[in-house]
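**Q** Before anything else, here's the structure in question.
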Amino acid sequence: MNLRILLVEDDREVAACAVYGLIREGYQVAVAADGRDGLLRASCEAWDILIVDRMLPQLDGLALVRMLRAGGTTTPTLFLTALGEVSDRVAGLQAGADDYLVKPFAIAELIARVEALGRRRQAAIVVNTTLRAGDLEIDLLTRKARRKGEILDLQERELRTLEYLMRSAGRVVTRAMVLENVWGFHFQPRTNLVESNISRLRSKIGQASDQGPIETVRGIGYRLHA
Amino acid sequence: MRKIQADLRASLHRIIEAMRPIGMPRVVLTSSFRLTLLYAALFGASALVLAALVWWIATGYVAGQIDSAVTTEIAEERADAGGTLAGLQAVIRAQAGHASPAAYYLLQNRAGQVLAGNLPAMATVDGIREWTLPSGSAVRGRGVAAPEGGFLFVGLAASDLRELRHAIGYAFLWVVAGTLVLAAIGGTVMSFGVLGRVEAISRASRRIIAGDLGQRIALRGTNDEFDHLAASLNAMLDRIQVLMEGMRQVSSDIAHDLRTPLSRHRQRLELALLDGGTEHDLRATLASSIVDIDAILDTFGALLRIARLESRTDPPPFTEVDLGAIAQDVTDAYRAVAEERQQSLDCIVDSEVAVPGNRELLAQLVANLIENGLRHGQCDTAMRILVTMQDGAVVLCVSDDGPGIPAAFHQAVFRPFYRLETSRDVPGTGLGLSLVAAIAQMHDARVTLADNNPGLAVQVVFGRPPLPESDAEPEWLRQAQRWLHRRLPEWYARQATRGVHRAWHGVAYAIARFRQGRGTVAKPRNADQHDQDAR
Numbered sequence: 003m004n005l006r007i008l009l010v011e012d013d014r015e016v017a018a019c020a021v022y023g024l025i026r027e028g029y030q031v032a033v034a035a036d037g038r039d040g041l042l043r044a045s046c047e048a049w050d051i052l053i054v055d056r057m058l059p060q061l062d063g064l065a066l067v068r069m070l071r072a073g074g075t076t077t078p079t080l081f082l083t084a085l086g087e088v089s090d091r092v093a094g095l096q097a098g099a100d101d102y103l104v105k106p107f108a109i110a111e112l113i114a115r116v117e118a119l120g121r122r123r124q125a126a127i128v129v130n131t132t133l134r135a136g137d138l139e140i141d142l143l144t145r146k147a148r149r150k151g152e153i154l155d156l157q158e159r160e161l162r163t164l165e166y167l168m169r170s171a172g173r174v175v176t177r178a179m180v181l182e183n184v185w186g187f188h189f190q191p192r193t194n195l196v197e198s199n200i201s202r203l204r205s206k207i208g209q210a211s212d213q214g215p216i217e218t219v220r221g222i223g224y225r226l227h228a
Numbered sequence: 162m163r164k165i166q167a168d169l170r171a172s173l174h175r176i177i178e179a180m181r182p183i184g185m186p187r188v189v190l191t192s193s194f195r196l197t198l199l200y201a202a203l204f205g206a207s208a209l210v211l212a213a214l215v216w217w218i219a220t221g222y223v224a225g226q227i228d229s230a231v232t233t234e235i236a237e238e239r240a241d242a243g244g245t246l247a248g249l250q251a252v253i254r255a256q257a258g259h260a261s262p263a264a265y266y267l268l269q270n271r272a273g274q275v276l277a278g279n280l281p282a283m284a285t286v287d288g289i290r291e292w293t294l295p296s297g298s299a300v301r302g303r304g305v306a307a308p309e310g311g312f313l314f315v316g317l318a319a320s321d322l323r324e325l326r327h328a329i330g331y332a333f334l335w336v337v338a339g340t341l342v343l344a345a346i347g348g349t350v351m352s353f354g355v356l357g358r359v360e361a362i363s364r365a366s367r368r369i370i371a372g373d374l375g376q377r378i379a380l381r382g383t384n385d386e387f388d389h390l391a392a393s394l395n396a397m398l399d400r401i402q403v404l405m406e407g408m409r410q411v412s413s414d415i416a417h418d419l420r421t422p423l424s425r426h427r428q429r430l431e432l433a434l435l436d437g438g439t440e441h442d443l444r445a446t447l448a449s450s451i452v453d454i455d456a457i458l459d460t461f462g463a464l465l466r467i468a469r470l471e472s473r474t475d476p477p478p479f480t481e482v483d484l485g486a487i488a489q490d491v492t493d494a495y496r497a498v499a500e501e502r503q504q505s506l507d508c509i510v511d512s513e514v515a516v517p518g519n520r521e522l523l524a525q526l527v528a529n530l531i532e533n534g535l536r537h538g539q540c541d542t543a544m545r546i547l548v549t550m551q552d553g554a555v556v557l558c559v560s561d562d563g564p565g566i567p568a569a570f571h572q573a574v575f576r577p578f579y580r581l582e583t584s585r586d587v588p589g590t591g592l593g594l595s596l597v598a599a600i601a602q603m604h605d606a607r608v609t610l611a612d613n614n615p616g617l618a619v620q621v622v623f624g625r626p627p628l629p630e631s632d633a634e635p636e637w638l639r640q641a642q643r644w645l646h647r648r649l650p651e652w653y654a655r656q657a658t659r660g661v662h663r664a665w666h667g668v669a670y671a672i673a674r675f676r677q678g679r680g681t682v683a684k685p686r687n688a689d690q691h692d693q694d695a696r
């Protein structure tokens with residue numbers, strides 16, 4: 003891992019919690035306690051990922067990210083904030099952030115999203131027309147999925163779900179991430195929506211158990227084996 | 162919650178303070194008084210201009226008469242004189258002899274000696290002059306050069322002219338003074354009237370604040386701006402009453418419904434503390450505590466969301482969304498869940514219906530309704546989502562043949578935390594329908610429950626796309642545009658139509674903005690759409 007993360011957060015407990023979780027995963031984390039300090043460090047030093055709180059003393063998180071983007075910094079940025087409404091999220095993404103996580107968050111959720119951002123940073127910009135992970139394969143042009151060479155009969159959404167899992171192969175994706183990326187839903191379902199769809203997808207690809215290509219990571223989410 | 166109530170009261174008090182009782186100094190501060198002063202100044206100025214005009218014309222006429230008579234006479238006398246000073250002298254003597262006492266003559270030679278006439282010697286100045294004689298009479302006449310370096314002056318009495326001037330001036334002085342006095346009196350009377358009306362409204366408002374929020378300000382029935390103000394204030398009071406009622410209810414509901422899981426939680430933790438047990442047990446307790454707390458956080462989150470939607474601060478971005486597509490997406494997502502529960506889920510989209518709204522919120526609305534149906538229904542329950550047009554309005558209908566909700570509770574279930582007795586054991590927060598109602602309200606839609614015989618049918622009827630009336634183009638404008646297109650070459654017609662469109666929508670927009678004061682009116686989209694069509 004060894005990716006360098008800058009966390010700009012004034013709440014010490016939240017910061018300590020996040021730092022603990024990230025260090026355990028092998029990231030190098032530095033913390034800035036206010037907006038101005040954060041902006042300074044973000045623009046003067048090289049970081050792989052930025053995690054910014056929106057409500058900051060000295061300089062507001064939105065303004066911080068906007069200034070960074072205007073200055074040409076393309077570091078993947080995650081907003082961490084108690085403001086969870088639709089308009090807040092839209093404003094955050096428009097300011098230049100790549101992802102948005104609402105407090106209170108589960109550490110596992112934070113780590114899963116940070117991993118996704120880190121992957122984005124490392125991946126070369128190569129346009130593949132075929133996605134491959136393990137014995138699964140998706141031809142993006144014809145929108146057909148195969149396992150061990152056999153064509154799978156998947157509907158569009160199921161294909162999208164499989165595609166998302168394959169693009170994040172090897173990493174954990176949380177239920178919220180699946181909901182957001184596959185369906186564009188930003189709410190917490192009161193039913194086991196994601197679970198049902200994943201189990202349906204599993205049966206479609208011929209997976210009998212919890213462990214197959216699509217693995218359930220208890221309490222966190224899912225992971226597709228690379 | 163209490164803080165919000167306190168804030169509401171504080172702002173209402175501020176409004177009332179601004180409408181304090183009338184004192185004398187307040188009269189001159191009213192805008193009506195200032196307006197009256199302005200009008201008085203304008204009318205006074207107009208009267209002055211009129212006076213000046215009349216003065217100038219009337220006196221100019223009379224003076225002109227004198228001047229032309231004098232000039233004619235001078236010409237005659239010079240003609241009679243035959244070009245010599247002596248001849249002129251004879252003529253003048255003759256004239257002065259039998260002319261009326263109102264005529265004045267003077268002929269003096271180069272040296273300034275008076276040769277003829279009834280005026281004393283004067284300085285030789287050419288042209289029209291007017292002055293007062295030592296005897297007191299006014300003279301107006303013309304002086305010209307006479308032969309051999311002399312000077313001839315012929316004039317007429319100007320006392321009439323002077324009197325005319327005085328009369329006009331005097332009259333208009335009274336006019337202007339009268340205008341100003343009348344304006345001041347009128348302004349004061351009007352201002353007292355205006356302030357009286359305002360004071361009546363503020364008194365009523367103070368009564369309402371002090372007493373109960375159920376009273377309203379009386380309208381006088383004149384349908385003037387004060388009645389409109391009173392009506393607006395009444396509407397505002399209605400809304401405040403609804404909000405305060407809601408808040409009171411939610412406060413007590415929250416307190417009640419969240420204490421239970423929190424106390425359960427506390428008991429469990431306390432037990433774990435006392436009982437000890439292995440580390441494994443403690444970890445299990447901590448894990449289940451987190452699950453519990455997550456549930457409570459969810460509830461709070463939903464409450465916050467509902468509150469923010471209802472208060473309409475910071476509205477989410479709206480675009481034209483395809484309601485049918487959203488319904489299909491959500492239904493597809495939930496099909497897997499329905500299958501697991503052996504329920505069926507079906508979506509029928511009648512037509513391409515576009516609604517101004519926010520995709521996320523509408524997706525949540527549909528999802529909440531579907532989840533309700535799935536959770537409260539049993540095996541073999543069938544749910545149907547229908548998106549269609551009815552009477553020109555977009556309708557979303559989610560119906561099932563499950564247990565349904567008795568008609569008596571159709572209003573109550575929208576309240577936060579309300580659960581039917583029969584569904585107490587079904588997991589849920591009781592906030593689903595409240596959120597649905599809040600999202601619907603934000604989209605100008607109405608939610609109604611109906612009996613599906615058996616089951617429940619939830620109907621969400623979206624209002625017509627909000628188009629201020631002045632925005633729809635009238636038929637004559639459209640015909641004019643068609644005429645333009647027929648008569649002019651293509652390019653010119655397009656430019657002309659675009660110009661007409663822009664002008665029309667600009668005016669409509671300005672009118673709508675003026676009507677809504679400083680409120681936000683979306684720039685009419687049709688202007689741009691038409692431009693694109695025209696291209």
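In order, the protein sequences belong to chains A and B. Take the first sequence: its letter number 176 is residue 178 in the working numbering, and every next letter is one higher. Take the second sequence: its letter number 236 is residue 397 in the working numbering, and every next letter is one higher. Glycine is no exception: its CB is placed at the ideal position from the N, C-alpha and C atoms.
1. Provide the residue span of the alpha helix (DSSP H) that contains Asp390(B), from first to last.
2. Shortest alpha-carbon distance to Met405(B) belongs to which of Val231(B), Ala167(B) and Trp644(B)?
3. Counting only beta-carbon atoms, is Leu103(A) nearer than 8 Å to chain B?
4. Could you say which of Gly221(B), Ala598(B), Leu447(B) and Arg576(B) lies nearest to Met408(B) if we only look at CA atoms?
5. When the cut-off is 8 Å and only beta carbons count, does Asp493(B) lie next to chain A?
6. Applying the criterion that 16 or more other CB atoms from any shown protein chain within 10 Å of the CB defines a buried residue, is Arg192(A) buried or exposed?
7. Please report the residue range of the alpha helix (DSSP H) in which Ser491(B) lies.
8. With distances taken from CA atoms, which of Ala108(A), Arg159(A), Ser170(A) and Leu52(A) is nearest Leu133(A)?
9. Quick one: Cα of Glu11(A) to Cα of Val33(A), how far?
10. The segment 171 to 205 of chain A: which residues have C-beta closer than 8 Å to a C-beta of chain B, in chain order?
11. Give the range of the alpha helix (DSSP H) segment to which Asp90(A) is assigned.
12. Residues of the segment 514 to 532 of chain B with a CB closer than 9 Å to any CB of chain A: list them in chain order, please.
13. Since Arg148(A) sits in a beta bridge, which residues does DSSP pair it with?
14. Whole angstroms are fine: how far does the CA of Val215(B) sit from the CA of Arg698(B)?
15. Among residues of its own chain, excluding the 5 on either side of Arg175(B), which ones have a beta-carbon nearer than 8 Å to its beta-carbon?
16. Could you spell out the range, first to last residue, of the beta strand (DSSP E) harbouring Gly348(B)?
17. Where does Met69(A) sit, in a helix, a strand or coil, going by DSSP?
18. Which residues of chain A have a Cβ atom closer than 7 Å to the Cβ of Glu501(B), listed in chain order?
19. Taking the alpha-carbon of Ile229(A) as reference, which of Glu160(A), Leu156(A), Pro59(A) and Val67(A) has the nearest alpha-carbon?
20. If you follow the beta strand (DSSP E) that Tyr102(A) is part of, which residue opens it and which one closes it?
21. Say whether chain B places a C-beta atom closer than 8 Å to the C-beta of Gly86(A).
22. Comparing the C-beta of Val498(B) with each C-beta of chain A, is any distance below 8 Å?
23. Can you check whether the C-beta of Asp442(B) is within less than 8 Å of a C-beta belonging to chain A?
24. When we look at the beta-carbon of Arg303(B) and count the other beta-carbons within 10 Å, is it buried (16 or more) or exposed?
25. Just the Cα atoms here: how many angstroms apart are Ala332(B) and Thr232(B)?
26. I need the straight-line Cα distance from Asn384(B) to Leu198(B), nearest angstrom please.
27. Whether or not the segment 278 to 295 of chain B and the segment 202 to 217 of chain B are in contact is what I'm after, with contact meaning three or more pairs of Cβ atoms, one per stretch, closer than 8 Å; do they touch?
28. Would you be able to state if there are at least three C-beta pairs under 8 Å between the segment 85 to 92 of chain A and the segment 474 to 482 of chain B?
29. Would DSSP call Thr77(A) helix, strand or coil?
30. Between the Cα of Gly354(B) and those of Phe194(B), Glu237(B), Gly375(B) and Ala486(B), spot the shortest distance and give me the residue it belongs to.
31. So is Val92(A) in contact with chain B if we call contact Cβ pairs under 8 Å?
32. Please identify, using Cβ separations under 9 Å, the residues of the segment 468 to 484 of chain B that lie next to chain A, in order along the chain.
33. Which whole-angstrom value describes the C-beta separation of Ala318(B) and Ala338(B), a residue pair presumed to lie in contact below a C-beta threshold of 8 Å?
34. To the nearest angstrom, how far is the alpha carbon of Thr590(B) from that of Thr460(B)?
35. Is it true that the CB of Val622(B) sits closer than 8 Å to the CB of Arg607(B)?
36. Could you work out which residues of chain A lie near Asp459(B), taking near to mean beta carbons separated by less than 8 Å?
**A** This is what the structure holds:
1. If you number the second sequence from 1, residue 390(B) lands on position 229. According to the sequence as given, residue 390(B) is Leu; it is not Asp. Boundaries of the alpha helix (DSSP H) around Leu390(B): Glu386 to Asp436.
2. For the purposes of this step, residue 405(B) is taken as residue 244 along the second sequence, with counting starting at 1. Met405(B) has its Cα closest to that of Ala167(B), out of Val231(B), Ala167(B) and Trp644(B).
3. In the first sequence, residue 103(A) corresponds to position 101, counting from 1. The beta carbon of Leu103(A) sits no closer than 8 Å to any beta carbon of chain B.
4. Locating residue 408(B) in the second sequence gives position 247, counting from the first residue. Relative to the Cα of Met408(B), the nearest Cα in the group Gly221(B), Ala598(B), Leu447(B) and Arg576(B) belongs to Arg576(B).
5. Stepping through the second sequence from its first residue, residue 493(B) is reached at position 332. Put simply, the CB of Asp493(B) is near chain A, with a gap under 8 Å to one of its CB atoms.
6. Taking the first sequence and counting its residues from 1, the one referred to as residue 192(A) is at position 190. With 16 or more Cβ atoms within 10 Å of its Cβ, Arg192(A) is classed as buried.
7. The residue labelled residue 491(B) in the question sits at position 330 within the second sequence. Looking at the sequence shown, residue 491(B) is not Ser but Val. From DSSP, the alpha helix (DSSP H) with Val491(B) extends over Leu484 to Glu501.
8. Along the first sequence, one-based indexing puts residue 133(A) at 131. Among Ala108(A), Arg159(A), Ser170(A) and Leu52(A), the Cα nearest to that of Leu133(A) belongs to Ser170(A).
9. Locating residue 11(A) in the first sequence gives position 9, counting from the first residue. Locating residue 33(A) in the first sequence gives position 31, counting from the first residue. Val33(A) has its alpha-carbon roughly 7 Å from the corresponding atom of Glu11(A).
10. Answer in chain order: Trp185, Gly186, Phe187, His188, Phe189, Gln190, Pro191, Arg192, Thr193, Asn194, Leu195, Ser198, Asn199, Ser201 and Arg202.
11. Position 88 of the first sequence, counted from the start, is the residue given in the question as residue 90(A). Judged by DSSP secondary structure, Asp90(A) falls within the alpha helix (DSSP H) whose first and last residues are Val88 to Ala97.
12. Answer in chain order: Asn519, Arg520, Glu521, Leu522, Ala524, Gln525, Ala528, Asn529, Ile531 and Glu532.
13. In the first sequence, counting from the first residue as 1, residue 148(A) sits at position 146. According to DSSP, Arg148(A) bridges with Glu139(A) and Ile153(A).
14. Chain B is shown from 162 up to 696; residue 698(B) falls before or after that span and cannot be answered.
15. Numbered from 1 along the second sequence, position 14 holds the residue referred to as residue 175(B). If you ignore the 5 residues before and after Arg175(B), its C-beta comes within less than 8 Å of no other C-beta in its own chain.
16. Taking the second sequence and counting its residues from 1, one reaches residue 348(B) at position 187. If you look at Gly348(B), you'll find it isn't in any beta strand (DSSP E); it sits in the alpha helix (DSSP H) that goes Ser320 to Ala371.
17. Counting from 1 along the first sequence, the entry for residue 69(A) is found at position 67. Judged by DSSP in its simplified three-state form, Met69(A) adopts helix.
18. Within the second sequence, residue 501(B) is the residue found at index 340, counting from 1. Those within 7 Å of Glu501(B) in chain A are Ser198.
19. Nothing about residue 229(A) can be read from this structure; chain A reaches only from 3 to 228.
20. Here the question's residue 102(A) lines up with position 100 in the first sequence. Boundaries of the beta strand (DSSP E) harbouring Tyr102(A): Asp101 to Val104, taken from the DSSP string.
21. Mapped onto the first sequence, residue 86(A) falls at position 84. True, the Cβ-Cβ gap to chain B drops below 8 Å.
22. Start at 1 with the first residue of the second sequence, and residue 498(B) comes out as number 337. Yes, contact with chain A.
23. For the purposes of this step, residue 442(B) is taken as residue 281 along the second sequence, with counting starting at 1. Not flagged as an interface residue toward chain A: Asp442(B), since no C-beta distance is shorter than 8 Å.
24. Counted from its first residue, the second sequence places residue 303(B) at position 142. Buried is the call here.
25. Here residue 332(B) is taken as the residue at index 171 of the second sequence, counted from 1. Here residue 232(B) is taken as the residue at index 71 of the second sequence, counted from 1. Straight across, the Cα-Cα distance linking Ala332(B) with Thr232(B) is about 32 Å.
26. Here residue 384(B) refers to the residue found at position 223 of the second sequence. Here residue 198(B) refers to the residue found at position 37 of the second sequence. Rounded to whole angstroms, Asn384(B) to Leu198(B) spans 26 Å at the Cα level.
27. No contact exists between the segment 202 to 217 of chain B and the segment 278 to 295 of chain B.
28. Flag = yes, the segment 474 to 482 of chain B and the segment 85 to 92 of chain A touch.
29. Translated into positions along the first sequence, residue 77(A) becomes position 75. In this structure, Thr77(A) counts as coil in the three-state DSSP scheme.
30. Residue 354(B) sits at position 193 when you count from the first residue of the second sequence. Of the candidates Phe194(B), Glu237(B), Gly375(B) and Ala486(B), the one whose C-alpha sits nearest the C-alpha of Gly354(B) is Phe194(B).
31. As a working note, residue 92(A) is residue 90 in the first sequence. Judged by the 8 Å Cβ criterion, Val92(A) is in contact with chain B.
32. From the segment 468 to 484 of chain B, only Arg469, Leu470, Asp475, Pro476, Pro477 and Pro478 have a Cβ closer than 9 Å to chain A.
33. To locate residue 318(B), count along the second sequence from 1; it is residue 157. To locate residue 338(B), count along the second sequence from 1; it is residue 177. Between Ala318(B) and Ala338(B) a beta carbon distance of about 32 Å is seen, past the 8 Å cut, so the two are scored as non-contacting.
34. Along the second sequence, one-based indexing puts residue 590(B) at 429. Along the second sequence, one-based indexing puts residue 460(B) at 299. Rounded to the nearest angstrom, the two C-alpha atoms are 6 Å apart.
35. Residue mapping note: residue 607(B) aligns to position 446 of the second sequence, counting from 1. Residue mapping note: residue 622(B) aligns to position 461 of the second sequence, counting from 1. Going by C-beta atoms, Arg607(B) is nearer than 8 Å to Val622(B).
36. Position 298 of the second sequence, counting from 1, holds the residue named residue 459(B). By Cβ distance, chain A contributes Gln190.
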